[in-house]
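A.B. asks:
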Amino acid sequence: MTSRAVIAGYVRTPFAFAGKGELVRVRPDELAAAAVAALIERSGVRPEDIEDLICGCAMPEAEQGLNVGRLIGLLSHLPISVAGVTVNRFCGSSMNAIHMAAGAIAMGAGEVFVCAGVESMTRVPVGGYNPMPNPDLAANLPGAYMGMGETAENLVEKYQITRDEQEEFSVSSHVKAAAAQKDGRLSGEIVAIKTKDGLVERDGCIRPDTGRAALAGLKPAFREGGSVTAGTSSPLTDGAASVLVVSEAYAEKHGLEPLARIRGVAVAGCAPEIMGIGPVAATRKALERAGLKLDQIDVIEMNEAFASQVLACAREMPFDFARMNLDGGAIALGHPLGATGARITGKAAQLLKREKGKYALATQCIGGGQGIATILEAI
Amino acid sequence: MEIKRAAVIGAGVMGSGIAAHIANAGVSVLLLDIVPKGATDRSVIARGAIERMLKADPAPFMHKRNARLVTPGNIEDDLDKLAECDWIVEAVLEDPKIKHDLYARIDKVRGKGSVVSSNTSTLPLAVLTKGMPRGFARDFLITHFFNPPRYMRLLEIVAGPETRPEAVAALADFADRRLGKGVVVAKDTPGFIANRLGVFWIECAVAEAIANGLGVEEADAVMGRPMGIPKTGVFGLLDLVGLDLSRHVAREMAAALPKTDAYHAISHEAALFDRMIADGYTGRKGKGGFYRLNEKREKEVLDLGRGDYAPALRPKLDSIGAAGKDPRKLMEYPDKTGTYAWRVMSQLLVYAASLIPEIADDIAAADEAMRLGYAWKQGLFELADRIGVAWIVARLQQDGREVPPLLAMAAEKGGFYRVQDGRLQYLGVGGDYADLKRREGVLLLEDIKRAGQPVRRNGSASLWDIGDGVLCLEFHTKMNALDQDSLKMVEDAVRIVPKAHKGLVIYNEGSNFSAGANIGLALFAANVALWPMIEELVASGQRVYRALKYAPFPVVGAPSGLALGGGCEILLHCDAVQAHAESYIGLVEVGVGVVPGWGGCKELLTRWTTAPGAPHGPMAAVAKAFQTIGTAQVAKSAVEAQELMFLRKTDGIVMNRDRLLAEAKARVLALADDYKPPQEVKLRLPGATGRAAIEMAVRDFELRGMLTPHDRVVVEELKQVLTGGDTDIVDETGEDALYALERKAFMKLIRHPGTLARVEHMLDTGKPLRN
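Chains B and Y, in that order, give the protein sequences. The first sequence begins at 86 in my numbering and counts up by one. The second sequence begins at 403 in my numbering and counts up by one.
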């Protein structure tokens, strides 16, 4: 690497339930534009220095189609000179945007990047409006198009994960998120969104009163006789997030306050029918590239697509749960597919600083059978 | 006077139901109730009522969005808003003091010329207006709805001596055209018409069942279908209404009627009811009633003597077997069930005949009230004609019982009704027959049929000339199931109409427009392996419906009630539909293990592809059609049918069943000028790719255990049809190809034992088999 990249800002919108939450009437491009505008304002970066706006989106069509990355730049009044691109790696899309920015900085292809991510799971359904799978691939490799719930059940089977464990995990996610919300630990990263019905300032998916008894009463959501329920899955969510990635030299020169340095990144494929195990291979690769061991990591942000999926990863790659998802994870906060990568990477950087740790890991599983990971280090 | 805004005060079951139905008419309505002590949400009662109604089944709203037209409020903070309301309905507790206090408050704020009505079922108008200012009395009347207000067609209107005639006319017109009610003008007497007769009937039927030693099921078997009364009979009806409510009404009635009234003589064992109510056995809403479902969801019946429950036996009564459809034969049958039928109906008829004109101007009003308020197939006097009035009088005399003058007069004249020069007439209290007048804008096939002969007729359908150059195609099989003869008549219509007529209405006055193709025929043919015959039935349906669609004249479908399967498909081929608001339309073929074969798949795909505002792309239409047909979705109102594309946004919805034919005819005439048949639409369908996409969704259902093995078989065939078979997104698929795909899928499925099991089960039980 010729030049090192740092994370110099992180902002997101509130996350709200798709279909019934407070953001259902907000277009995804506007949601993302609000996150980008707030990022620029709060970080103090000079808009004209931005090379590119890289936006992650898992279902880039309809209101979040037509190269929404460019459109978000125009909507958030970035100078015309700032370019825009949309990137899709499903749930890993906006973490991938950060990787692309870090790579570009390393090769001297720009110094300032806005890495955004967005998903309105209300306004563009999972699978999109016109899913058109390849019939031969669908027949020969069903995992390629398999529903995520089924992959979560496959992990339950493979790793013998009990329903009890999953529910215990879910409750802890809600407890952490509710405490963070109550103590105001989330408000700093959130930009309020104006809607026709008023200002939305807080996350809408957290249920502080989630208890074991309520979870135990839920029916399996994906498989008859299965154990994964709506309560142990991340909810369908609307939201956007954005992260400012700049070269370390630029941050110094312009007096930006970096949160963390990007130390290593990786992506890796895995069997599609157990896509939830994806973080394991990606994390191992990223750690190796960073020259680190897992026990050296102080802060872990692992996306909670499903409780069973996080628990399966922990079986393969044991880590200290006390260091993971300190302010709650996607089961409580929500998982707007394209936005999650930017959220957990930005959050990991923010937590690393807050907790005064040395290294942080942000990692996610990805539909279709992949994992993605980012290692951050304190500055 | 036009009703643009209404208010209902009292958000109980009736009040909120009335508000919902006013919203169904597209009119915004304020729903007010009291502020409960200590409530943080001061409008919690009204708001709670709206929320409950959104979950209720059968649904009070024709569409959930209608709830937005109902604004919740309370009588402390929102009474001023009554100033903007043209009609204010009071539906609060049946307590004169509470009502008077409320009226005084309403009168202070209401707008000039607004009309106030009470939904009281027990208090006389004279009591309600007593001591009220004259201006109030002039704007006041009783509008008595039946429960549930959306579904029960009767509205009794009672005007006082001071009520402005314009106020009565305005409300009657609104209720008729916008709420779809059959308005019957009643006198200011206890129980008005329907409940005066209905409560007597219930009390009498219960008392006589106990006196004659009939079981609950036996009594209901006699008192239901054979009398043209819903099969719930009397005990089933009590369970439905709620024992507590019916006791309350019975007590009120007893208190309000003079001591000389015959009602007092039939009062039965109230102790039984009181015990049941005290134990929580209030009917379907409680732990059960005369019937209940045990833990295994098996039906049980109360033993009236012992007071405990035993399994339901569904007895086959000899009397009913011998009588067939003849109520007189049933009454003559020499056992306790025959005696029971005679005892109950003769007492009721004697009572009713003695009450005209005290409760209603004429017998026709009384009959209409029982038809619409208690869902009897015919009114009491119509039933008396069917039994034979002379026979009734003779038997009364034989029993040594008194014969009221009106009954004696009817016997002498030959009946309560007669047909004169093709017109239906009823016997007036003065002894003269008078024409039964229909309201302006009401056209009934029943009247047309009485006055003349059909243009053409076979065993399953007829063609009638309904005037102004329009023909009406009427189905008249059981449930209006469609068979070769029905199709033949459609074919005849396509040939006959252009000769001398302008267009065609497809309409009938059965309870249901059509339950679909006669699957009994298909099963019969399948059992003897007459596959070519089945294929020809499918092909001829396609041929005939297609001819209808491209005929050189406009065709307007006019459904009411169920329009399923083939009945839905014929509507899909019409140029336009005028639907009764209570139309329940759906393509339910998968329920019997087949796919729509008379162009239903093709037409629904075409609609989802071409309708303005429909989602676009190669999969959108396919996915919508698959979802609708694959889950046999049935619209629960005409408005819902528009959402499911069974009806177009441009199709009309008629609230009043009696106005359906006239409006459909008007639609034909409007389309007839410069009519051009539609052009064939070709579709671009996704073929194998589309099937893979559908499979993604189907697999989710399968994993969740929501797909039975035979569902899987049917789904595979439905996928083939809706994705265009062996086609590709760049190719166009025309109607011929889609018809061929439907036929192929249908023929493959009808040969499958799983499908035959479904058909058989449906014919036996009326319910789908989940094999």
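Ideal placement from N, C-alpha and C gives every residue a C-beta, glycine not left out.
When DSSP labels each residue in this structure, what does Asp137 of chain B get in the three-state scheme?
C.D. replies: Translated into positions along the first sequence, residue 137 of chain B becomes position 52. The answer is strand: DSSP assigns Asp137 of chain B an E or B state.
A.B. asks: What residue does the alpha helix (DSSP H) around Gly899 of chain Y start on, and which one ends it?
C.D. replies: Residue numbering aside, residue 899 of chain Y sits at position 497 when the second sequence is read from its first letter. Sequence inspection shows Val at residue 899 of chain Y; the Gly mentioned does not correspond to that position. Segment 886-902, the alpha helix (DSSP H) holding Val899 of chain Y.
A.B. asks: Please report the distance separating the alpha-carbon of Phe1103 of chain Y from that of Ala1022 of chain Y.
C.D. replies: Translated into the one-based positions of the second sequence, residue 1103 of chain Y becomes position 701. Translated into the one-based positions of the second sequence, residue 1022 of chain Y becomes position 620. Taking the straight line from one Cα to the other gives about 19 angstroms.
A.B. asks: Does Met86 of chain B come out as helix, strand or coil in the three-state DSSP assignment?
C.D. replies: Within the first sequence, the letter at position 1 stands for residue 86 of chain B. For Met86 of chain B, the predicted structure reports a pLDDT of 45, less than 50, and the residue's modelled location is therefore unreliable. The matter cannot be settled from this model.
A.B. asks: Does any residue of chain B bring its CB to less than 9 angstroms from the CB of Met1098 of chain Y?
C.D. replies: Residue mapping note: residue 1098 of chain Y aligns to position 696 of the second sequence, counting from 1. At least one chain B Cβ lies under 9 angstroms of Met1098 of chain Y.
A.B. asks: At least one CB of chain B closer than 9 angstroms to the CB of His1163 of chain Y: is that the case?
C.D. replies: Indexing the second sequence from 1 puts residue 1163 of chain Y at position 761. So no, His1163 of chain Y is outside the interface.
A.B. asks: Is the beta carbon of Glu542 of chain Y less than 9 angstroms from the beta carbon of Gly562 of chain Y?
C.D. replies: Walking along the second sequence from the start, residue 542 of chain Y turns up at place 140. Walking along the second sequence from the start, residue 562 of chain Y turns up at place 160. In the sequence as displayed, the identity of residue 542 of chain Y is Phe instead of Glu. It is a contact, given that the beta carbons lie within the stated cut-off.
A.B. asks: Give the DSSP-derived three-state secondary structure of Ser258 of chain B in the structure shown.
C.D. replies: As a first step, residue 258 of chain B must be located in the first sequence, where it is residue number 173. In this structure, Ser258 of chain B counts as helix in the three-state DSSP scheme.
A.B. asks: By DSSP, does Leu1174 of chain Y sit in helix, in strand, or in coil?
C.D. replies: With chain Y running from 403 to 1173 in the structure shown, residue 1174 of chain Y is simply not present.
A.B. asks: Mind checking the stretch 216-233 of chain B against chain Y and listing, in chain order, the residues whose C-beta falls within less than 9 angstroms of any C-beta there?
C.D. replies: Cβ contacts with chain Y: Pro216, Met217, Pro218, Asn219, Pro220, Asp221, Leu222, Ala223, Ala224, Pro227, Tyr230, Met231, Gly232.
A.B. asks: For chain Y, check one thing: does any of its Cβ atoms lie closer than 9 angstroms to the Cβ of Phe175 of chain B?
C.D. replies: Against the first sequence, residue 175 of chain B aligns to sequence position 90. Not closer than 9 angstroms to any Cβ of chain Y, the Cβ of Phe175 of chain B fails to qualify, so no.
A.B. asks: Taking all protein chains shown into account, do 16 or more other C-beta atoms lie within 10 angstroms of the C-beta of Met1108 of chain Y, making it buried, or fewer, making it exposed?
C.D. replies: Indexing the second sequence from 1 puts residue 1108 of chain Y at position 706. Met1108 of chain Y should be labelled exposed.
A.B. asks: If contact means a Cβ-Cβ distance below 7 angstroms, which residues of the stretch 298-328 of chain B contact chain Y?
C.D. replies: Hits within the stretch, in order: Phe307, Arg308, Glu309.
A.B. asks: Give the C-beta separation of Met402 of chain B and Leu379 of chain B to the nearest angstrom, bearing in mind that I take them to be a contact with Cβ-Cβ under 8 angstroms.
C.D. replies: Taking the first sequence and counting its residues from 1, the one referred to as residue 402 of chain B is at position 317. Taking the first sequence and counting its residues from 1, the one referred to as residue 379 of chain B is at position 294. Contact holds; Cβ gap of about 7 angstroms.
A.B. asks: Using only CA atoms, which one of Y:Phe1028, Y:Leu1007, Y:Asp977, Y:Arg1061 lies nearest to Leu1073 of chain Y?
C.D. replies: Residue mapping note: residue 1073 of chain Y aligns to position 671 of the second sequence, counting from 1. Ranking the options by Cα distance to Leu1073 of chain Y, first place goes to Y:Asp977.
A.B. asks: Among residues of its own chain, excluding the 5 on either side of Met86 of chain B, which ones have a beta-carbon nearer than 8 angstroms to its beta-carbon?
C.D. replies: As a first step, residue 86 of chain B is located in the first sequence; it is residue number 1 there, counting from the start. Because the pLDDT at Met86 of chain B is just 45, under 50, the model does not fix this residue reliably, and the value given afterwards should be weighed accordingly. So the qualifying residues of the chain are Ala191.
A.B. asks: Please return the same chain residues whose Cβ sits closer than 7 angstroms to the Cβ of Pro218 of chain B, not counting the five positions on each side in sequence.
C.D. replies: As a working note, residue 218 of chain B is residue 133 in the first sequence. For Pro218 of chain B, where only same-chain residues beyond five positions count, the Cβ hits under 7 angstroms are Tyr230.
A.B. asks: Taking contact to mean 3 or more Cβ pairs, one atom from each stretch, closer than 8 angstroms, check whether the stretch 414-429 of chain B and the stretch 86-102 of chain B are in contact.
C.D. replies: Because the criterion of three Cβ pairs below 8 angstroms is met, the stretch 414-429 of chain B and the stretch 86-102 of chain B touch.
A.B. asks: Counting C-beta neighbours from all protein chains within 10 Å, is the total for Val831 of chain Y 16 or more, i.e. buried, or is it exposed?
C.D. replies: Counting from 1 along the second sequence, the entry for residue 831 of chain Y is found at position 429. Answer is exposed; the Cβ neighbour count stays below 16.
A.B. asks: Roughly how many angstroms lie between the CA atoms of Arg820 of chain Y and Tyr828 of chain Y, to the nearest whole one?
C.D. replies: Translated into the one-based positions of the second sequence, residue 820 of chain Y becomes position 418. Translated into the one-based positions of the second sequence, residue 828 of chain Y becomes position 426. So the two alpha carbons sit approximately 6 angstroms from each other.
A.B. asks: Which runs of the alpha helix (DSSP H) spanning at least 4 residues fall entirely within the stretch 353-418 of chain B, listed in chain order?
C.D. replies: 363-375, 392-401, 415-418, all fully within the stretch 353-418 of chain B.
A.B. asks: Name the two residues that bound the continuous beta strand (DSSP E) containing Leu932 of chain Y.
C.D. replies: Your numbering for residue 932 of chain Y matches position 530 in the second sequence. Careful: Leu932 of chain Y lies outside any beta strand (DSSP E) and carries neither H nor E.
A.B. asks: I'd like to know if Ala1095 of chain Y contacts chain B, where contact means its C-beta is closer than 9 angstroms to some C-beta of that chain.
C.D. replies: Translated into the one-based positions of the second sequence, residue 1095 of chain Y becomes position 693. Interface residue, yes.
A.B. asks: Mind listing the chain Y neighbours of Glu107 of chain B? Cutoff is C-beta to C-beta under 8 angstroms, in chain order.
C.D. replies: Here residue 107 of chain B refers to the residue found at position 22 of the first sequence. Correct list: empty, because the minimum Cβ distance to chain Y is about 19 angstroms.
A.B. asks: Please classify Val979 of chain Y: does DSSP put it in a helix, a strand, or coil?
C.D. replies: Residue mapping note: residue 979 of chain Y aligns to position 577 of the second sequence, counting from 1. In this structure, Val979 of chain Y counts as strand in the three-state DSSP scheme.
A.B. asks: In terms of residues, what are the limits of the beta strand (DSSP E) holding Gln1035 of chain Y?
C.D. replies: To locate residue 1035 of chain Y, count along the second sequence from 1; it is residue 633. Looking at the DSSP string, Gln1035 of chain Y is not in any beta strand (DSSP E), and its letter there is neither H nor E.
A.B. asks: Taking 8 angstroms as the cut-off, is the C-beta of Val1100 of chain Y nearer than that to any heavy atom in the ligand GTP?
C.D. replies: As far as ligands go, the structure on display features none, and thus does not contain the ligand GTP.
A.B. asks: May I ask which residues mark the beginning and end of the beta strand (DSSP E) holding Gln827 of chain Y?
C.D. replies: Numbered from its first residue, the second sequence carries residue 827 of chain Y at position 425. 825-829 is the span of the beta strand (DSSP E), which, as asked, contains Gln827 of chain Y.
A.B. asks: Write down the C-beta distance between Ala1034 of chain Y and Gly988 of chain Y rounded to the nearest angstrom, noting that I regard them as a contact closer than 8 angstroms.
C.D. replies: By 1-based counting over the second sequence, the position of residue 1034 of chain Y is 632. By 1-based counting over the second sequence, the position of residue 988 of chain Y is 586. Indeed they touch by this definition, with Cβ atoms about 6 angstroms apart.
A.B. asks: Could you tell me which uninterrupted alpha helix (DSSP H) segments, each at least 4 residues in length, are contained entirely in the stretch 660-725 of chain Y, listed from first to last along the chain?
C.D. replies: The stretch 660-725 of chain Y contains these whole alpha helix (DSSP H) runs: 672-680, 720-725.
A.B. asks: Taking Cβ to Cβ, would you say Asp834 of chain Y is nearer than 9 angstroms to Asn860 of chain Y?
C.D. replies: The residue given as residue 834 of chain Y occupies position 432 in the second sequence. The residue given as residue 860 of chain Y occupies position 458 in the second sequence. Result no, Cβ atoms of Asp834 of chain Y and Asn860 of chain Y do not sit closer than 9 angstroms.
A.B. asks: Mind checking which residues open and close the alpha helix (DSSP H) that includes Asp575 of chain Y?
C.D. replies: Walking along the second sequence from the start, residue 575 of chain Y turns up at place 173. Unbroken alpha helix (DSSP H) run through Asp575 of chain Y: 567-575.
A.B. asks: Go to Trp866 of chain Y, then tell me how far its beta strand (DSSP E) extends in each direction, as first and last residue.
C.D. replies: In the second sequence, residue 866 of chain Y corresponds to position 464, counting from 1. That run of the beta strand (DSSP E) goes 863-867.
A.B. asks: Reducing DSSP to helix, strand and coil, say where Ser272 of chain B ends up.
C.D. replies: Sequence index remark: in the first sequence, residue 272 of chain B carries index 187 (1-based). Helix.
A.B. asks: Exposed or buried, which one is Ala310 of chain B when buried takes at least 16 other CB atoms within 10 Å?
C.D. replies: Stepping through the first sequence from its first residue, residue 310 of chain B is reached at position 225. Checking the sequence, you will find Gly at residue 310 of chain B rather than Ala. Gly310 of chain B comes out exposed.
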